[in-house]
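Numbering (my numbering), first residue to last: 564 to 707.
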């Protein structure tokens, strides 16, 4: 994990309501209790990749994301697979999780999982925030 035992979570998606629900799910007490307070969570949500890239390039933020929850359609006309390529070039160890409402995207996402470009994917529905939190819990249990 990153130094100082901080898990940096980026949420990049054009649906503000879903972004807020994901942030709320990551801030749940259960997740913080799981970490035995030895790990902090730094969670930031962005409505598009350009805003996230601006945040990451800011001198004050110089963080390496641990997790990136990425809408398959990242906004500003950039597709998720293209964003994964950009993210992995800059942050090779970031765990990218695709979020998509179209199950037809799964085949392409599966190819990226098979090549270790993507950690996992979640289909958008009412359970998406909970599933995303469970993926973070699974990661924390495995690596802490």
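Here a beta-carbon is modelled for each residue, glycine too, at the ideal position from N, C-alpha and C.
Where are the alpha helix (DSSP H) runs, 4 residues long or more, that stay fully inside the region 612-667, in chain order?
612-620 and 643-653
Between residue 651 and residue 680, which are expected to be in contact by the criterion C-beta below 8 Å, what is the C-beta distance as a whole number of angstroms?
6 Å
DSSP-derived helix/strand/coil call for residue 703:
helix
For the alpha helix (DSSP H) containing residue 590, list its first residue and its last residue.
Counting along the chain, residue 590 falls outside any alpha helix (DSSP H), and DSSP gives it neither H nor E.
Inter-residue spacing [alpha-carbon to alpha-carbon] between residue 586 and residue 633:
13 Å
Flag this pair as yes or no: are the beta carbons of residue 693 and residue 608 separated by less than 8 Å?
no
Under the rule that 16 or more other beta-carbon atoms within 10 Å means buried, what is residue 575, buried or exposed?
buried
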